[in-house]
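With full-length UniProt numbering, you'll find the sequence shown wraps up at 445, consecutive numbering, no jumps.
For each residue, glycine too, the CB sits at the ideal point set by N, CA and C.
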Amino acid sequence: MDAAVARRAERATDEPPAPAPAQTSLFRHEVMEEQQTQWLGTVLVAPNLSATLFALFAAAAVASVLALLVLGQFTQKARISGWLVPELGAMRIFAPQPGRVAKLHVREGDRVAKGAPLVRISSELETEALGRTRHAAVQQLALRRDSLAAERERQGRLSALQERESAERIAALKAERENLAREIELQTQRLRLAEQASERQLGLRAKGITTERNLEDAEVERLRQSAELHELERDALINERDRLALEARLRELPLQRDAKLGEIDRSVATLSQEIAEAEAQREIVVTAPQDGVVTHVRSSLGGDVRADAPLLSIMPEGSKLTAELFTSSRAIGFVRSGQEVLLRYQAYPYQKFGSYRGTVAQISRSAVSPSELSPQLAGLTSLFAADEPVYRIEVTPERQSATAYGVPAPLQAGMQLEADILIERRRLYEWMLDPLFTLTGRRSA
């Protein structure tokens, strides 16, 4: 109804004004127009309800968009991948030679001290005729070593006996020399008496008191005593020569003994080395090189092991886990130490268990080729081009565990993860105006 009235009013306003009536009319033209307007009523254009609602909705939408642009924020992220590693490093234990696990001394999570046995590996070979051939070879070598040990003992006893005999003979010669010295002294006195007697006989013979026979007897006695003295002196010289020879031999005996024992010891050492090598080829015990906690036990009892495959890993006691991430040069430009990181562990899907916070601790200054990464990161190398350098980023997790169904689950070294590094956070209008800021050389606050 209102719309029809409005259309009639519009047509009435659009019609040309009526010609002025002749002056013969009783009333003026203005009076007639006033009467006509009152008869038709006042024309009012009523507002449309739908148009009002649309205008209100448009205004609210514009206000919401403006509020979103002013108050809304967007964070630029860099998504990279990596794995968890011990802060102090994990030592991987390898088998020194291929073989079979004869005994496993530790289990996952055990704490071990330096030198503690970890795994016993056997590489024994068996034949139908000889049985365990390496064991038999070790036994033969051990028999030869025992024989040389017995020979060494006999040689030591023989050398000691010879030294004792030489010392006793030297002592006897010294005693004999003392006796000879006393006899020489006595014989010297007898010779002196004989010479005095001979001189007296000569004096008496000159006076004619004694006979020629007495003179001859005195001279013979003098010569005899002199001969005996010479004989004793010769015996003393022989005694001294024998003593000196025995003393020289006594000094040589230890040298000869040491030479023979040294030769035997060298032979024993060679056999011991051969036994050790044979034992190592037959069976070897791998020990812990440092204190720590056993992780990643990859061997099992009776299983085969290779020299290039790790048996297990040892994480130092008290070492915390850090995230070691790798990214290309395209994403490294705005990464800074102290930036916040969101970590998502593949073992605990983030859709169910959420993300975990961390902080960038260190960024490598030089890039490495993907081919230089460790074999454990083989899955990450596929994310980069073959010739594209990558950078290492170390991130410190806020927690050392994840929450699985409300229960803390400790993180394990070697877990792979994805991370979002929160590079920059701006309001939406700042991102929209960023090209303008770039052209003007300014940066949004």
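The C-beta distance from residue 159 to residue 257 rounds to 4 Å, short enough to fall under 8 Å. The beta carbon of residue 297 sits closer than 6 Å to those of 108, 312, all from its chain and outside the five residues before and after it, given in chain order. Residue 188 has its alpha-carbon roughly 10 Å from the corresponding atom of residue 230. In the structure shown, residue 85 falls within a strand segment according to DSSP collapsed to helix, strand and coil. The three-state secondary structure of residue 358, taken from DSSP, is strand.
Taking C-alpha positions only, residue 213 is separated from residue 228 by approximately 23 Å.
Collapsing the DSSP output to three states places residue 272 in a helix.
Taking a contact as a CB-CB distance under 8 Å, the pair residue 114 and residue 290 counts as one, their CB atoms being some 5 Å apart.
Taking each of 351, 393, 342 in turn and checking the Cα distance to residue 367, the smallest one comes out for 393. Per DSSP, the continuous beta strand (DSSP E) segment holding residue 326 begins and ends at 321-328. For residue 116, the three-state secondary structure derived from DSSP is coil.
Residue 107 carries a coil assignment under DSSP once its states are collapsed to helix, strand and coil. When DSSP states are grouped into helix, strand and coil, residue 344 belongs to the strand group.
A residue is called buried once 16 or more other Cβ atoms fall within 10 Å of its Cβ, and residue 196, having fewer, is exposed. DSSP places residue 317 outside both helix and strand once states are collapsed to three, so it counts as coil.
Using a Cβ distance threshold of 8 Å, residue 301 and residue 395 do not count as a contacting pair.
Here residue 116 is not near residue 315, since their CB atoms are 8 Å or more apart.
Rounded to whole angstroms, the gap between the alpha carbons of residue 111 and residue 118 is 11 Å. Distance between residue 204 and residue 216, taken at the CA atoms: about 13 Å.
By the CB criterion at 8 Å, residue 79 and residue 418 fall inside the cutoff. Per DSSP, residue 334 is not a residue of any alpha helix (DSSP H), being assigned neither H nor E. When rounded, the separation of the alpha-carbon atoms in residue 288 and residue 408 is 30 Å. Taking a C-beta distance under 8 Å as the contact criterion, residue 293 and residue 148 do not qualify as a contact pair. Shown here for residue 413: same chain residues with a beta carbon closer than 8 Å to its own, the five before and five after excluded, namely 84, 85, 86, 90, 295, 296, 313, 315, 321 in chain order. Out of 66, 167, 61, 358, the CA that lies nearest to the CA of residue 249 is found in 167. The alpha-carbon of residue 305 is positioned some 21 Å away from that of residue 276. Here residue 264 is buried. Its C-beta has 16 or more other C-beta atoms within 10 Å. Burial of residue 356 is indicated by the presence of at least 16 other C-beta atoms within 10 angstroms of its C-beta. Around the beta-carbon of residue 337, fewer than 16 other beta-carbon atoms lie within 10 Å, marking it exposed. Boundaries of the beta strand (DSSP E) harbouring residue 391: 390-397, taken from the DSSP string. The C-alpha of residue 224 is placed about 20 Å away from the C-alpha of residue 237. Of 145, 242, 262, the smallest CA-CA separation from residue 156 is found for 262. According to DSSP, residue 94 shares a beta bridge with 310.
Scanning its chain for C-beta atoms nearer than 7 Å, with the 5 sequence neighbours on each side dropped, one finds around residue 233 the residues 184, in chain order.
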